[in-house]
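Following: one structure in C-alpha coordinates, then a few remarks.
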Amino acid sequence: NGREVDSPNYGHKLKWLGRLRQFLDDHCDPKAPLVLCGDFNIVPEDKDVYDPNRWREKNLCSTPEREALTNILNWGLRDSLRVYNQDAEVYSWWDYRQGMFGRNQGLRIDHLLVTRPVVSGLNAVEVHVDLRRLEKPSDHTPVVLDFEPL
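Position 126 of the sequence shown, counting from 1, maps to 108 under the numbering used here, and the rest follow consecutively.
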(Lines of atoms letter the chains of each structure in order from A and count residues from 1; the text may use other names and numbers.)
(Lines give C-alpha, C1' and ligand atoms only; values in the text may rest on other atoms or scores of the structure.)
Protein backbone atom coordinates (compact mmCIF):
# COMPACT_ATOMS: atom_id res chain seq x y z
CA ASN A 1 0.00 0.00 0.00
CA GLY A 2 1.56 3.21 -1.15
CA ARG A 3 -1.35 5.39 -0.03
CA GLU A 4 -1.37 8.10 2.63
CA VAL A 5 -1.74 7.27 6.32
CA ASP A 6 -5.27 8.70 6.41
CA SER A 7 -6.38 6.39 3.58
CA PRO A 8 -8.57 3.37 4.40
CA ASN A 9 -5.95 1.29 2.59
CA TYR A 10 -3.42 2.18 5.27
CA GLY A 11 -5.58 0.49 7.90
CA HIS A 12 -5.97 -2.54 5.64
CA LYS A 13 -2.20 -2.70 5.29
CA LEU A 14 -1.69 -2.75 9.06
CA LYS A 15 -4.34 -5.45 9.49
CA TRP A 16 -2.74 -7.54 6.74
CA LEU A 17 0.66 -7.26 8.42
CA GLY A 18 -0.92 -8.44 11.67
CA ARG A 19 -2.47 -11.40 9.86
CA LEU A 20 0.89 -12.21 8.31
CA ARG A 21 2.44 -12.36 11.77
CA GLN A 22 -0.42 -14.59 12.94
CA PHE A 23 0.12 -16.87 9.94
CA LEU A 24 3.80 -17.21 10.86
CA ASP A 25 2.82 -18.05 14.45
CA ASP A 26 0.26 -20.64 13.37
CA HIS A 27 1.95 -22.33 10.42
CA CYS A 28 5.71 -21.76 10.43
CA ASP A 29 8.72 -22.61 12.58
CA PRO A 30 11.40 -19.94 13.08
CA LYS A 31 13.97 -22.74 13.41
CA ALA A 32 13.17 -23.95 9.87
CA PRO A 33 14.56 -22.37 6.69
CA LEU A 34 12.25 -19.63 5.46
CA VAL A 35 12.61 -16.67 3.12
CA LEU A 36 9.80 -14.11 3.26
CA CYS A 37 10.29 -11.57 0.53
CA GLY A 38 8.52 -8.84 -1.31
CA ASP A 39 7.61 -5.21 -1.69
CA PHE A 40 6.53 -4.49 1.87
CA ASN A 41 6.19 -0.73 1.25
CA ILE A 42 7.81 -0.09 4.63
CA VAL A 43 11.07 1.74 5.32
CA PRO A 44 12.51 -0.07 8.37
CA GLU A 45 14.83 2.68 9.66
CA ASP A 46 15.68 6.30 8.99
CA LYS A 47 18.88 5.26 7.21
CA ASP A 48 16.70 3.49 4.62
CA VAL A 49 15.23 6.73 3.27
CA TYR A 50 17.04 9.63 1.60
CA ASP A 51 15.45 12.32 3.80
CA PRO A 52 14.09 10.93 7.09
CA ASN A 53 12.72 14.29 8.24
CA ARG A 54 10.71 14.77 5.06
CA TRP A 55 9.21 11.28 5.36
CA ARG A 56 8.71 11.13 9.14
CA GLU A 57 5.28 9.68 10.02
CA LYS A 58 4.24 9.62 6.38
CA ASN A 59 3.18 6.50 4.52
CA LEU A 60 6.02 3.95 4.26
CA CYS A 61 7.81 5.52 7.26
CA SER A 62 5.10 5.75 9.91
CA THR A 63 5.59 4.36 13.40
CA PRO A 64 2.69 1.85 13.12
CA GLU A 65 4.11 0.43 9.87
CA ARG A 66 7.59 0.14 11.32
CA GLU A 67 6.22 -1.49 14.46
CA ALA A 68 4.27 -4.00 12.35
CA LEU A 69 7.44 -4.91 10.44
CA THR A 70 9.38 -5.20 13.70
CA ASN A 71 6.66 -7.51 15.03
CA ILE A 72 7.15 -9.75 11.98
CA LEU A 73 10.93 -9.70 12.43
CA ASN A 74 10.55 -10.52 16.12
CA TRP A 75 8.89 -13.81 15.15
CA GLY A 76 12.37 -15.01 14.20
CA LEU A 77 13.35 -13.29 10.98
CA ARG A 78 16.35 -11.16 10.05
CA ASP A 79 16.59 -8.43 7.45
CA SER A 80 19.04 -10.22 5.14
CA LEU A 81 20.47 -7.05 3.60
CA ARG A 82 21.40 -5.73 7.03
CA VAL A 83 23.25 -8.94 7.86
CA TYR A 84 25.86 -7.81 5.31
CA ASN A 85 25.42 -4.11 4.83
CA GLN A 86 24.74 -1.48 7.50
CA ASP A 87 25.29 1.44 5.13
CA ALA A 88 22.76 4.17 4.57
CA GLU A 89 21.70 5.06 1.04
CA VAL A 90 20.99 1.47 0.00
CA TYR A 91 17.64 1.84 -1.73
CA SER A 92 15.36 -0.42 -3.76
CA TRP A 93 12.81 2.13 -5.01
CA TRP A 94 12.93 5.58 -6.59
CA ASP A 95 9.89 7.56 -7.68
CA TYR A 96 9.85 8.25 -11.42
CA ARG A 97 8.92 11.86 -10.81
CA GLN A 98 11.42 14.67 -10.37
CA GLY A 99 14.50 12.65 -11.35
CA MET A 100 14.75 11.02 -7.95
CA PHE A 101 16.90 8.13 -9.19
CA GLY A 102 19.50 10.48 -10.66
CA ARG A 103 19.76 12.25 -7.30
CA ASN A 104 19.69 8.94 -5.37
CA GLN A 105 16.58 10.04 -3.48
CA GLY A 106 15.26 6.58 -2.81
CA LEU A 107 13.73 4.32 -0.20
CA ARG A 108 14.41 0.73 0.81
CA ILE A 109 10.97 -0.90 0.80
CA ASP A 110 11.69 -4.30 -0.79
CA HIS A 111 12.87 -6.87 1.73
CA LEU A 112 14.20 -10.41 1.95
CA LEU A 113 13.52 -11.57 5.49
CA VAL A 114 15.13 -14.85 6.52
CA THR A 115 15.27 -17.25 9.47
CA ARG A 116 18.55 -18.16 11.20
CA PRO A 117 19.11 -21.35 9.16
CA VAL A 118 19.12 -19.20 6.01
CA VAL A 119 21.36 -16.57 7.62
CA SER A 120 23.94 -19.26 8.33
CA GLY A 121 24.08 -20.09 4.62
CA LEU A 122 24.07 -16.55 3.23
CA ASN A 123 26.71 -15.78 0.63
CA ALA A 124 25.49 -12.38 -0.52
CA VAL A 125 22.58 -9.98 -0.67
CA GLU A 126 22.68 -7.54 -3.56
CA VAL A 127 20.54 -4.65 -4.72
CA HIS A 128 20.89 -4.48 -8.50
CA VAL A 129 20.81 -0.71 -8.94
CA ASP A 130 22.33 -1.05 -12.42
CA LEU A 131 19.01 -2.41 -13.73
CA ARG A 132 17.30 0.82 -12.69
CA ARG A 133 19.45 2.57 -15.32
CA LEU A 134 17.84 0.68 -18.21
CA GLU A 135 15.74 2.52 -20.79
CA LYS A 136 12.34 1.49 -19.35
CA PRO A 137 13.01 0.20 -15.84
CA SER A 138 10.69 -0.55 -12.99
CA ASP A 139 10.62 1.99 -10.18
CA HIS A 140 11.90 -0.92 -8.04
CA THR A 141 15.24 -2.62 -8.46
CA PRO A 142 15.78 -6.33 -7.78
CA VAL A 143 17.10 -7.42 -4.41
CA VAL A 144 18.80 -10.80 -4.77
CA LEU A 145 19.67 -13.32 -2.08
CA ASP A 146 22.44 -15.88 -2.64
CA PHE A 147 22.61 -18.69 -0.09
CA GLU A 148 23.78 -22.26 0.21
CA PRO A 149 21.23 -25.03 -0.33
CA LEU A 150 19.69 -26.07 2.96
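Think of the CB as a built atom: it goes at the ideal place given N, C-alpha and C, for glycine as much as any other residue.
(message) I'd like the span of the alpha helix (DSSP H) that includes residue 106, first residue to last.
(response) To locate residue 106, count along the sequence shown from 1; it is residue 124. No alpha helix (DSSP H) contains residue 106, which is instead part of the beta strand (DSSP E) from 104 to 109.
(message) Please give the ranges of any alpha helix (DSSP H) in the segment 60 to 107, keeping only runs that are unbroken, at least 4 residues long and fully inside the region.
(response) 62 to 66, 98 to 102
(request) With DSSP collapsed to three states, give me the class of residue -7. (result) By 1-based counting over the sequence shown, the position of residue -7 is 11. In the structure shown, residue -7 sits in a helix (DSSP, three-state: H, G or I).
(request) Can you grab the Cα-Cα spacing for the pair residue -15 / residue 8, in whole Å? (result) By 1-based counting over the sequence shown, the position of residue -15 is 3. By 1-based counting over the sequence shown, the position of residue 8 is 26. Going by the C-alpha atoms only, they are around 29 angstroms apart.
(request) Please classify residue 19: is it buried, with 16 or more other beta-carbons within 10 angstroms of its beta-carbon, or exposed? (result) The residue given as residue 19 occupies position 37 in the sequence shown. Exposed is the call here.
(request) Please say whether residue 30 and residue 79 have beta carbons closer to each other than 7 angstroms? (result) Residue 79 sits at position 97 when you count from the first residue of the sequence shown. Residue 30 sits at position 48 when you count from the first residue of the sequence shown. If you check the CB distance, residue 79 and residue 30 do not come in under 7 angstroms.
(message) How far does the beta strand (DSSP E) with residue 127 in it extend, from its first residue to its last?
(response) Indexing the sequence shown from 1 puts residue 127 at position 145. Where residue 127 is concerned, the enclosing beta strand (DSSP E) stretches over 125 to 129.
(request) Could you pull the start and end residues of the beta strand (DSSP E) that residue 18 belongs to? (result) In the sequence shown, counting from the first residue as 1, residue 18 sits at position 36. Start and end: 17 to 21.
(request) Would you list the one or two residues that DSSP bridges to residue 31? (result) As a first step, residue 31 must be located in the sequence shown, where it is residue number 49. Looking at the DSSP assignment, residue 31 forms a beta bridge with 89.
(message) Can you find the residues in the same chain that come closer than 7 angstroms, C-beta to C-beta, to residue 103, ignoring five residues on each side of it along the sequence?
(response) Looking up residue 103 in the sequence shown gives position 121. Cβ within range, chain order: 129, 130, 132.
(message) Could you check whether residue 125 and residue 101 sit closer than 7 angstroms to each other, using their CB atoms as the reference points?
(response) Here residue 101 refers to the residue found at position 119 when the sequence shown is read from its first residue. Here residue 125 refers to the residue found at position 143 when the sequence shown is read from its first residue. Contact: no.
(request) Work out the CA separation of residue -9 and residue 107 for me, nearest whole Å. (result) The residue given as residue 107 occupies position 125 in the sequence shown. The residue given as residue -9 occupies position 9 in the sequence shown. Roughly 31 angstroms separates the two Cα atoms.
(message) On the CB-based measure, 16 or more other CB atoms within 10 Å of its CB, does residue -5 come out buried or exposed?
(response) Position 13 of the sequence shown, counted from the start, is the residue given in the question as residue -5. So residue -5 ends up on the buried side.
(request) Compare the C-alpha of residue 123 against each of 74, 93, 97 and name the closest. (result) Numbered from its first residue, the sequence shown carries residue 123 at position 141. Minimum Cα distance to residue 123 is reached at 74.
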